[in-house]
Structures are given as C-alpha cells and as structure tokens.
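Here the sequence shown is numbered in our numbering, starting from 10 and rising by one per residue. Worksheet: one structure, shown below.
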Amino acid sequence: MTVTALGRPTAVPLPRTWHVRGADVVAVLVGNGVFILAMWVRHGGVAELATPAGAFIALGQVTALLGTYLALVQLVLMARTPWLDQALGMDRLATAHRWIGFATIWLIGAHGVFTTLGYAMADGTSILGEAWTILTTFDFVLLGTIGFGLFVAVGITSMRIGRRRLPYESWFLVHLLAYVAIALGFLHQLFVGADFMHDPLARVYWSGLYVLAAGLVLAFRVAAPIRLNLRHRFRVARVVHEAPGVVSIYVTGRHLDRLPVRSGQWFTWRFLDGRRPWTGHPFSISSAPNGQWLRTTVKALGDDTRRLQRLRPGTRVLLEGPYGVLTGMRRTRRRVTLIAGGIGITPLRALLESLPGGQGDLTLLYRARHPKHLVFRDELATIAKRRGMAVHYLVGRRGSPELPADPLSRLALERLVPGIREHDVYVCGPDAMMDRVIAALRELGLPSGRIHAERFAY
C-alpha cells in the first residue's frame, strides 16, 4: 500500500488542547512542597532542633516528607495526564521524571540515615544496633525499607548503563515496582509518620495527595485505555515490508473517524499474539490519521520487535494514547524543515502529509547510513511532487568518500536549507544525532521555541 493509494488525509477529531503552561505546573509543585514544610513547622518540627539528636531526627522527618512528596509527583508523571504532556512535552517530562526519581531515592535514603543517627544518639547505642532495633520493632519500618529497596532497583535500571543492558520489556516490568514501593511507603507513613500521628490537618492533606495521585493513574493509565479499546476494538489488518528489518503495521477498528489524534503523536502498542501480552512499545503513527486505519512502522531492534515482523492479520491490538507534542501545534513559522535519522522518519512522514504549506514551505533532510535503510522513498517522492516539497537524502557513513563531512553540521544545514534560521525545525532520530543537530541549530541562533524534538523516553 502506498501513499498514492491513500489520497489526501481525511480530517479526524483533534485531541483537546489544554492551556496550561510549564511555569504553572512548577508553581503548583513548589507551592505544595512549601505547604508540606509549613505543616511540619506548625506541629512542632522546629522544636526538635534544640539538641543534636533532635536535629538529626528533624532532618530525618524533613527528608522523609520531601522524599514522599516527590514519589507522589513521580506517580503523577507516570499517569501521563494530557495537560502535563502538552505543558511540558515528553522530553521535559522525561528529564523531570529522571531527576525527581533520583532525588526521591536520595531523600528517602537520607531519611533512614538521619533518623537512625538521631535515635542512636538519644538512646546512647551504636548505629548498627539502633538500625536493627528500628527495623525489627517499629511498626511498618520493614515494609518501608522494602519499598526503598524497590525504588533503588528502579533507579539503577533508569541509569544509562542499566537501560542498555536490559530489554525494554524487562525495564518496563521493573518500573512497575514503583507503584508497589509507593504503596509500602504509604503504609509506613500512615502508621509511623509524625504528620499522620499528631496533626489532623496534615493527615487529611497527605491522604488527599495520595488519592489525587492514585486517581490520576487510574483515570489515565487504566480507565482511559479501557474505554479507548472497548470503543474501537483495534486489530492488525496488514503487515507490509518496507526495508530490511522494517515493517509497517496497519491497524483497523471501529469508528476510527472519531479517534482524536494528530500527526506526529504516538501510542503505546500491545499486540495480543499470545506472546508477552504485558509488553507495550511506544511507536509513532507513520501516516496522517485518515479515519480508516492507523499505521505504525517498526524496526527490528530486539527479540520483541522482531516478533512484530511476523504478526498475522486479525491479531488484537491494545492502544494507550495518543501521546506526544511533536505535532503541528508547535509550529510558529510558515516554513518548516524536518530532519529525520533512520527510523525517526516515522512521525515526520505523518507530519509531511498533514502540515499546512504551499510550494517551497516544507523541506525534509533524511539521514541514513545506507540506501537500504531509507524507508518510504516512494511515498516521500509522491508527497514531494504533490506538495512542492524539497527532499534531501544524506546517505553514507561520515568520513567516507561519499560523505566526507558531517551532513548535519551548522554549515551543512545552512547550505542545504538557505534561510533555515527563520524556519521551524522538527527533529527525530537516534539520540546522538538529535543532540548533534540541536546543537547545530542553536549555533545558528534558532531559539528553543522553534526547535521541536521528542524522545520516546518513558
């Protein structure tokens, strides 16, 4: 199936636009943190600072409160609420998720250390002896310690070395432990935490935070996907070979003309072929929404993506989403340049089909190491002819005779796309390529508001 058979994309409903700014989100998060500290002061936390032992215990309380709060913020980030998606974008959400996660681990770990030191000083016992006493005699401390261990496991697998060694599906399953860790932490806080034991206002407020965070997860990670899939009942219609190790999967369903989605967005796809039904993958749609089918294009990068090359028509599909902000909503200029690397062409292919623009408004730079790695050449040629779009294929290894210099350097970009300084630029591809291109665009003076990039990070 080619673009010539598809015709022009048919309009479908667009996802709701949320007018929330990143600054608003930060203000709410900081305000809640300040209020939590104010409640700690209100019920006498500062009085603990009168003695050295009390000071350590107070530090243990503060680090516990802040660590627990950040764990709940992590829960909200994991809920993938649409207003956070639009306000921050997936890249900034991924960065926040990563650093807040590490801060959570350090704060909760510091809570254990400071609390143990404080009680050891107050009781006149050894640190190890006090740690054993706390662990074995205090209610729910053991559960809290297990929860902390689960957080550490999640943190280790979030580091680059951990992510490289683990298959995606294993990484995903480990990250589900974060929900268990937060539940165990809640039990520990409920029965041991000073706020819950001595301050009714704090008890009500903290309970509300837990209910809100859990409610968002249930609403957007459980209820919304169930509703989406019951309504549309997605199934594989066709699997088409595009290039070595690359296939396009066409998915049909009911009422797809009522499915709100934008070109450039992605879903989490689960293919129920009897193998690893729990495993979901974040894949972009690779053609503009048309109300008849969805298409994603997948490169075999591991065991699980290789099995998708052999999917049979009729296989049930579960979708979560759509997610992402690599869409025409972010466009600010009439002229647009799209820069793709390898399989990163998939969301940009959909954008090329649907972005408004006249003759000469759109330019595509498509980077690949070998001609066989280029995907959608026929479709791109058809779109380019129909829309008056310039397409430049940058093929070969850097430093080779056919490509002696970096084809995506600042000078190369200026030569290939005269006036690129005044364009919006969309970038998608391997992380290293994206970093290099974004650095070159910033050297050219493009502000961050006109550089649109997204990494499928969580």
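Beta carbons: idealized from backbone N, C-alpha and C, even for Gly. All values derive from a computational prediction rather than experimental measurement.
Please check the pair residue i and residue j, which I expect to be a contact at CB under 8 angstroms, by giving their CB distance rounded to whole angstroms.
i: Leu-373; j: Leu-389; result: 7 angstroms
i: Ala-96; j: Arg-51; result: Going by Cβ atoms, the distance from Ala-96 to Arg-51 rounds to 31 angstroms, so no, they are not a contact pair.
i: Gly-333; j: Met-442; result: Incorrect: roughly 19 angstroms between the Cβ atoms, too far for contact.
i: Gly-353; j: Cys-437; result: 4 angstroms
i: Gly-164; j: Ile-114; result: 5 angstroms
i: Arg-479; j: Leu-403; result: Because residue 479 is not part of the residues shown, which for the chain are 10 to 467, the question remains open.
i: His-432; j: Arg-344; result: 5 angstroms
i: His-197; j: Gly-153; result: 3 angstroms
i: Phe-276; j: Pro-356; result: Rounded, the Cβ-Cβ distance is 12 angstroms, inconsistent with contact.
i: Trp-49; j: Leu-74; result: 6 angstroms
i: Thr-124; j: Ile-66; result: 6 angstroms
i: Met-398; j: Leu-371; result: 4 angstroms
i: Gly-103; j: Arg-464; result: Inspection of the sequence shows that residue 103 is occupied by Ala rather than by Gly. With a Cβ gap of about 7 angstroms, Ala-103 and Arg-464 count as contacting.
i: Val-270; j: Pro-24; result: 7 angstroms
i: Ala-62; j: Gly-127; result: 5 angstroms
i: Arg-89; j: Phe-292; result: That belief does not hold up - the Cβ atoms of Arg-89 and Phe-292 are roughly 15 angstroms apart, past 8 angstroms.
i: Val-255; j: Val-248; result: Actually they do not touch by this definition, with Cβ atoms about 11 angstroms apart.
i: Ala-192; j: Leu-84; result: At roughly 10 angstroms, the Cβ-Cβ gap does not stay under 8 angstroms, so Ala-192 and Leu-84 are not in contact.
i: Arg-315; j: Arg-284; result: With 8 angstroms as the limit, Arg-315 and Arg-284 do not qualify as a contact, their Cβ atoms being about 11 angstroms apart.
i: Leu-327; j: Leu-265; result: That belief does not hold up - the Cβ atoms of Leu-327 and Leu-265 are roughly 15 angstroms apart, past 8 angstroms.
For residue i, which residues does DSSP report across the bridge?
i: Ser-409; result: Leu-412
i: Ala-462; result: Val-436
i: Phe-292; result: Phe-276
i: Val-255; result: Ala-252 and Lys-308
i: His-184; result: His-184 pairs with nothing; no bridge assigned.
i: Thr-372; result: Thr-346 and Ala-399
i: Tyr-332; result: Trp-275
i: Ala-377; result: Val-404
i: Thr-261; result: Arg-244
i: Val-326; result: Phe-280
i: Leu-303; result: Val-260
Along the alpha helix (DSSP H) that carries residue i, what are the first and last residues, could you check?
i: Ile-136; result: 136-146
i: His-106; result: 91-132
i: Glu-362; result: 354-363
i: Lys-394; result: 386-396
i: Val-85; result: 61-87
i: Asp-33; result: 31-51
i: Glu-423; result: 419-425
Can you tell which of the options has its C-alpha closest to the C-alpha of residue i?
i: Ile-155; options: Ala-187, Leu-126 and Glu-139; result: Ala-187
i: Gln-368; options: Ile-392, Val-150, His-379 and Lys-381; result: Ile-392
i: Arg-407; options: Ala-399, Val-400, Thr-336 and Pro-416; result: Pro-416
i: Tyr-435; options: Gly-54, Arg-358 and Leu-81; result: Arg-358
i: Leu-79; options: Phe-111, Arg-344, Leu-126 and Glu-362; result: Phe-111
i: Leu-320; options: Leu-221, Leu-455 and Arg-279; result: Arg-279
i: Leu-310; options: Tyr-214, Pro-253 and Val-260; result: Pro-253
i: Arg-107; options: Phe-123, Trp-92 and Met-87; result: Met-87
i: Phe-160; options: Leu-185, Ala-32, Thr-146 and Leu-144; result: Leu-185
i: Ile-109; options: Val-255, Gly-133, Val-270 and Val-35; result: Val-35
i: Ile-258; options: Phe-229, Lys-308 and Gly-283; result: Lys-308
i: Ser-272; options: Leu-210, Val-21 and Thr-336; result: Thr-336
i: Leu-425; options: Ile-348, Thr-355 and Leu-361; result: Ile-348
i: Leu-303; options: Phe-243, His-250 and Arg-315; result: Phe-243
i: Gly-323; options: Phe-385, Val-245 and Thr-346; result: Val-245
i: Thr-9; options: Met-130, Ser-135, Ser-457 and Asp-33; result: Absent from the structure is residue 9, since the part of the chain shown begins at 10 and ends at 467.
i: Pro-22; options: Leu-420, Leu-268, Gly-366 and Ala-222; result: Leu-268
i: His-120; options: Asp-132, Ile-143, Arg-101 and Met-99; result: Ile-143
i: Pro-9; options: Ala-297, His-379, Arg-325 and Tyr-375; result: The chain is shown only over 10 to 467; residue 9 falls outside these bounds and no answer can be derived.
i: Arg-419; options: Pro-410, Asp-444, Asp-440 and Arg-396; result: Asp-444
i: Thr-346; options: Leu-317, His-379 and Leu-450; result: Leu-450
i: Gly-76; options: Leu-46, Arg-101 and Ala-162; result: Leu-46
i: Arg-325; options: Arg-263, Gly-42, Lys-394 and Ala-32; result: Arg-263
i: Gly-428; options: Asp-440, Leu-455, Leu-81 and Pro-410; result: Leu-455
If you follow the beta strand (DSSP E) that residue i is part of, which residue opens it and which one closes it?
i: Ala-222; result: First-last for Ala-222: 209-226, but that is the alpha helix (DSSP H), not the beta strand (DSSP E).
Using 7 angstroms as the cut-off, classify the Cβ of residue i as near or not near the heavy atoms of the ligand COA, replying yes or no.
i: Ser-216; result: You won't find the ligand COA in this model; it holds no ligand whatsoever.
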